[in-house]
Amino acid sequence: MEGLSNNISNSGNSIRKKHPMTERNPNDFYFIKILGQGSFSTVYLGKEVETGSEYAIKVVKKTTILREKKAKHIMRERDIMIMLTFKTDDHPFITTLYSTFQDETNVYFAMTYANNGELFKYLQKLGCFDEKTTKFYSAEILLALNFLHDNSVIHRDLKPENILLSNSWHVMLADFGSARMLGDNEVANGNDDKKLETKKISSDRSSFVGTAQYISPEVINGDKFGPETDYWALGAIIYQMVSGNAPFKAVNEYNTLKLIKTLSYDFPQGFPTISKDIVQKLLVLEPSKRLGSHGMGGIESLKSHPFFNGIDWKNLTNSQPPELKPYLPASAGEPAFYSDVYCNNTDISPGLNDAQMARLMGFNEFLQDWQNERNETSEFPKKEESNVVAKESSVFNRKTLFARCEEEYDAMMKKQRLEHKYHRFVEDNLILKSGIIDKKKGLFARRRMFLLTEGPHLYYVDPQTMEYKGEIPWSKDIQTEAKNFKTFFVHTPSRTYYLFDPERKAEEWCQAIEAVKAKYY
């Protein structure tokens, strides 16, 4: 472990002599909550004890560095971040490094804190973005890449999770753990990834968790890469912002990589023509033929694509970002819809000891909704995970919430158990309303049987395969919003659900959900 400490300390000494950084240690910060977790690190929100300033603090265990043989990667990440920090002059679209330090257990990177979180979070909550928002954030991402590439840095892991939003809602590129410098012999020869990626594809089919959907073919193959690698990822992100899903999505990461290598993806109906054109010119297997490559006119050719018409590149940093709000694009003869509905821990000591780790592990915002919805798992929810606090909690009161007496409730349940084909999906709860609804996300839709029950619960099931697919999480903050006879929104704190009732009973669904909410909250 001592050798590792010396290596990490020495790696940045020459840079530190030219660019002295703030000397800190873990006890100089309060560790407030977990911001994110990766394969080899955890990022915390830290507040500096002396100044009260907030930072994102990336923590990597030294045992992990040794076990995974990541010392070289950690040193390279630190050197790239130090270099960028002193070249950015506070570039608005790049996270910078405040301090690096270590203790006996961990290596720490204290970086810019983007307090509005990941772009990924808003794609999950809203489904997709409208044309104006997609164009704006794509342009800011491109300017950030322009800066990186001008400084000979290739990000290589561009994805919505690594695109952060500052307090002014502008983008900030983060996580340079996979970044490489142009001119590095390993980059020039492709050696840095040749053995690594070949090993991952053949023997570790889950190695690309979270990243596989945006990784370029040349990185998968271990070939030489350059700025075009990041432009591929930009194309995949534009596709997702427009449509609601990433272009390459399979049952596992291994099969996702196969889709990428064969360029196997489709555009859903309603995908705008100009957006489709830029995506097609970015998602090109041959890097030299990718829009933005040197052979295709460089980055200026990319910036001049009609997709970016109206962007004031020189003043983009001073532009007002579009408001992020629930949005359902036009599809299937229905118009586009917008919505205006939106839905302190003081027991903290400095440092990152076992007690603070136990406290931090309790922060799980968005976890329940993410588990229920991201992959539409077929597993049934556990009853103990319910976060509902009912007004009436006894067996007697439960039975009379939706029936005039216990006998009537028992009769309704007996009939439901015998006759309702979806009873097995509702955990023996009384079904109050059910019906076929299209659950939409961007330009994609899935037909589901929705089941509103006591509890309260709002389950949904695939009516073709008769598989349980998920449940809209309940809380006192759940809200409904009817847009017309067919379309209605259900807003939860972590996501808006866009629902389409072919029977034209959207208002009835809203009234039923609100009535059930009134019984419990």
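Its first residue numbered 0, the sequence shown is counted upward by one per residue in numbering that gives the first Met the number 0. Idealized CB from N, CA, C, for every residue including glycine. Quick caveat: nothing in here was measured; it's all calculated off a predicted structure.
For a quick check, are the C-beta atoms of residue i and residue j less than 8 angstroms apart?
| i | j | result |
| --- | --- | --- |
| residue 499 | residue 430 | no |
| residue 399 | residue 428 | no |
| residue 253 | residue 246 | no |
| residue 320 | residue 135 | yes |
| residue 445 | residue 460 | no |
| residue 443 | residue 242 | yes |
| residue 143 | residue 172 | yes |
| residue 338 | residue 128 | no |
| residue 298 | residue 225 | no |
| residue 29 | residue 42 | no |
| residue 475 | residue 520 | yes |
| residue 122 | residue 108 | no |
| residue 545 | residue 162 | Given that the chain is displayed from residue 0 to residue 520, the structure contains no residue 545 and the question cannot be resolved. |
| residue 125 | residue 408 | no |
| residue 260 | residue 216 | yes |
| residue 300 | residue 291 | yes |
| residue 233 | residue 140 | yes |
| residue 340 | residue 490 | yes |
| residue 70 | residue 64 | yes |
| residue 72 | residue 182 | no |
| residue 458 | residue 470 | yes |
| residue 158 | residue 213 | yes |
| residue 132 | residue 417 | no |
| residue 281 | residue 230 | yes |
Any idea what DSSP makes of residue i, helix, strand or coil?
| i | result |
| --- | --- |
| residue 122 | helix |
| residue 171 | strand |
| residue 266 | coil |
| residue 90 | coil |
| residue 437 | strand |
| residue 163 | strand |
| residue 311 | coil |
| residue 209 | Its pLDDT being 43, under 50, residue 209 is placed unreliably in this model, and the value from its coordinates should be taken loosely. Three-state DSSP puts residue 209 in coil, outside helix and strand. |
| residue 111 | strand |
| residue 423 | helix |
| residue 300 | helix |
| residue 217 | helix |
| residue 333 | strand |
| residue 388 | Bear in mind that a pLDDT of 48 at residue 388, under 50, signals an unreliable position, so the model cannot answer this. |
| residue 306 | helix |
| residue 457 | strand |
| residue 317 | helix |
| residue 23 | coil |
| residue 345 | Confidence at residue 345 is low in this model, with a pLDDT of 41, below 50, so its placement is unreliable and the value that follows should be read with caution. Looking at residue 345 - three-state DSSP - the assignment turns out to be coil, as it is neither helix nor strand. |
| residue 322 | coil |
| residue 179 | strand |
| residue 76 | helix |
| residue 400 | helix |
Can you tell me where the beta strand (DSSP E) with residue i in it begins and where it stops?
| i | result |
| --- | --- |
| residue 98 | 96–101 |
| residue 47 | 41–47 |
| residue 490 | 486–491 |
| residue 465 | Residue 465 -> no beta strand (DSSP E), and no H or E assigned at all. |
| residue 429 | First-last for residue 429: undefined, no H or E at that position. |
| residue 479 | 478–481 |
| residue 499 | 494–499 |
| residue 34 | 28–36 |
With residue i as the anchor, note down where its alpha helix (DSSP H) starts and where it stops.
| i | result |
| --- | --- |
| residue 55 | Residue 55 -> not in any alpha helix (DSSP H); beta strand (DSSP E) instead, spanning 53–60. |
| residue 275 | 272–281 |
| residue 471 | Segment: none, residue 471 is in no alpha helix (DSSP H) and carries neither H nor E. |
| residue 142 | 130–149 |
| residue 416 | 405–418 |
| residue 452 | Counting along the chain, residue 452 falls outside any alpha helix (DSSP H), though it belongs to the beta strand (DSSP E) covering 443–452. |
| residue 252 | 252–260 |
| residue 285 | Taken as a continuous stretch (DSSP letters only), residue 285 belongs to no alpha helix (DSSP H), as it is neither H nor E. |
| residue 518 | 505–519 |
| residue 235 | 226–242 |
List the whole-angstrom C-beta distance separating residue i from residue j, where the pair is believed to meet the contact cut-off of C-beta under 8 angstroms.
| i | j | result |
| --- | --- | --- |
| residue 91 | residue 169 | 6 angstroms |
| residue 434 | residue 502 | 6 angstroms |
| residue 150 | residue 86 | 6 angstroms |
| residue 289 | residue 218 | Incorrect: roughly 13 angstroms between the Cβ atoms, too far for contact. |
Check whether the segment 295–313 and the segment 112–123 are in contact - that is, three or more C-beta pairs closer than 8 angstroms. no
How about the segment 73–86 and the segment 25–38: do they share at least three Cβ pairs that are nearer than 8 angstroms? no
Counting beta carbon pairs with one atom in the segment 477–491 and one in the segment 510–517, are three or more of them shorter than 8 angstroms? yes
Three Cβ pairs or more, each shorter than 8 angstroms: is that satisfied between the segment 251–270 and the segment 297–308? no
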